[in-house]
Amino acid sequence: MSEFYEDEDWSFETPDFGITSLKLVNEVGINDSDSESGSEVDSDVETATATTPATSVPPDSGVVARPPTADQEFGPGFEGDDHEGHHLHFQYSQCTGKRRGLFVGINYIGQFGQLAGCINDVKNITQWLIDQYGWKREEMRILTDDTEDPEKMPTTKNILEGMLWLVSDAKADDSLFFHYAGHGAPVADHDGDEDDGFDEAIIPCDCDSFFGFPIIDDMMHSIMVEPLPAGCRLTALMDCCHSGSALDLPYMYTVDGQIMEPNLSEEAQMGLLAAQIHGDQAAMLEHAKQMVKQLEAKKAHEISRKTKTSAADVIAWSGCKDSQTSADTSVDGEATGAMSWAFRTALTKNPKQSYKQLLNTVHEMLEDKYEQKPQLTSSHPIDTDIMFII
């Protein structure tokens, strides 16, 4: 997130933690003993399909259907070890089970790159969940850097412990919520699953200390997504810079509700052909580089689909593309993150929006004043015409 430091260099080079983050958590002395759970490439689109319709609501009724309860199939068929045909499966959460939320707001008080609205974002989102959805304070763990309680500071250790607590004992139809408001940064990708060659990371308040480090998306996926069972919802609201794919979820959507797919740009291919015809060596090299970059992006996309798809119902709403910053701004005289404000304001005005409607609503609320483009990603293909529920 940025306002005063739009051009700051928040790049970090982290050790190659890989995705074995639970091992890392144990190595730094963290345990869960107190437990009670877009990349910017040219793209065409593929429609997400599932075997069961949401409901029998007439298409022109104006009523948004709730998610279906039946098991969903998706993707191409494949032959299993039993030599029978199979499909991948997932299950939508009905969000009727246990509720639990981790809320992290970091203003970096007294540090370089201090922000103004992140703590307010956490206060506003938690109160909104209580007022509109009936959540209770005891279902929430809140970490902000305006406290004197060391256990409630948004340090690397406390955030990782909170993530483990969030997903512990998760079951189908549970509703888990992770909200992060603070700085985000790109870090070098080490496992080949990023289109642009960079992982996305959140920045705890102690990153400049011996005990702190950026928490990369591979790590967050390993801790908060991989352990979840089918039908368990995790909603992530990521109000930070470089957050488009911040949970490493493999399905990203256009404002038309379609899944984005990387392809080889026709422009690059035609440019290369034209350069060859005219013997323009410099242009040939430039277009060849573009095609190589797009091939690498497609390979990263395929790796992500193979390794990061989940039967759990994980949804992430991010404030911007991976290449963009998210605004730390002011609305009606109160410091706030633009995405946190738009998300709760949109759902306060109309709580029964489809995924596609909500994505368009937050885009429209931000597009006139900010350059950032909010992103929607998921752990499996979703029908974006069904209702987004919490």
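The numbering used here numbers the first residue of the sequence shown as 3 and each following residue consecutively. We put the beta carbon where it would ideally sit given N, CA and C, even for glycine. It should be emphasised that the depicted structure is a prediction, and the values quoted were computed from it without experimental measurement.
Within 10 Å of its beta-carbon, does residue i have 16 or more other beta-carbons around it, so buried, or fewer, so exposed?
i, result
"P353", "exposed"
"Q326", "buried"
"V227", "buried"
"E366", "exposed"
"F324", "Note that residue 324 is Asp in the sequence shown, not Phe. Under this definition D324 is a buried residue."
"T149", "exposed"
"I111", "exposed"
"E163", "buried"
"F390", "buried"
"Q374", "buried"
"F19", "Its pLDDT being 39, under 50, F19 is placed unreliably in this model, and the coordinates cannot settle the point."
"T386", "buried"
"T350", "exposed"
"G107", "buried"
"G335", "exposed"
"E38", "With a pLDDT of only 39 at E38, under 50, the local geometry of the prediction cannot be trusted, and the value read off the model is given with reservation. So E38 ends up on the exposed side."
"D147", "buried"
"S23", "Residue placement at S23 is flagged as unreliable, the pLDDT there being 36, under the threshold of 50; the coordinate-derived value follows with that caveat. Per the 10 Å Cβ criterion, buried."
At the level of alpha carbons, what is the spacing between residue i and residue j?
i, j, result
"C242", "T71", "33 Å"
"E202", "Y182", "13 Å"
"A67", "G321", "26 Å"
"F105", "S177", "14 Å"
"P17", "H223", "With a pLDDT of 42 at P17, under the threshold of 50, the modelled position of that residue is not reliable, and the figure given next carries that caveat. About 17 Å."
"M262", "T379", "10 Å"
"H89", "H382", "13 Å"
"D191", "M221", "12 Å"
"G115", "D219", "22 Å"
"Q113", "A348", "32 Å"
"P216", "V65", "43 Å"
"D171", "A314", "14 Å"
"K310", "A187", "21 Å"
"D133", "R139", "11 Å"
"I392", "E141", "14 Å"
"V364", "A344", "6 Å"
"L249", "I204", "10 Å"
"V169", "P229", "7 Å"
"D151", "M165", "19 Å"
"I161", "V333", "28 Å"
"C234", "Y255", "21 Å"
"K173", "G339", "31 Å"
"Q355", "E153", "37 Å"
"H91", "A337", "43 Å"
"I225", "E369", "33 Å"
"R101", "R143", "12 Å"
"D175", "Y135", "15 Å"
"L251", "P69", "20 Å"
"L145", "W319", "20 Å"
"G259", "F76", "17 Å"
"T331", "W167", "31 Å"
Check this for me: beta carbons of residue i and residue j, under 9 Å apart or not?
i, j, result
"V257", "N362", "yes"
"Q377", "S245", "yes"
"V316", "L236", "yes"
"M155", "D208", "yes"
"T158", "P231", "no"
"N2", "I127", "What the structure shows of the chain is the stretch from 3 to 392, and residue 2 is not part of that stretch, so it cannot be assessed."
"R346", "W137", "no"
"L239", "G184", "no"
"A329", "Y372", "yes"
"F200", "G103", "no"
"I388", "Y253", "no"
"A119", "S312", "Contrary to the premise, residue 119 reads as Gly rather than Ala in this sequence. No."
Does any heavy atom of the ligand ATP sit closer than 8 Å to the C-beta of residue i?
i, result
"S211", "In terms of ligand content, the structure shown is empty, and the ligand ATP therefore cannot be addressed."
Q: Determine, using beta-carbon pairs with one atom in the region 93-104 and one in the region 209-217, whether at least three such pairs fall under 8 Å.
A: The region 209-217 and the region 93-104 do not touch, with fewer than three beta-carbon pairs separated by less than 8 Å.
**Q.** Contained beta strand (DSSP E) runs [length at least 3] in the region 83-159, N- to C-terminal order
**A.** 87-92, 101-107 and 142-146
Q.
Which complete beta strand (DSSP E) runs does the region 357-389 hold, if anything under 3 residues is left out?
A. 377-380
Q: Entirely within the region 183-231 and at least 4 residues each: give me those alpha helix (DSSP H) ranges in chain order.
A: Complete alpha helix (DSSP H) runs here, min 4: 219-226.
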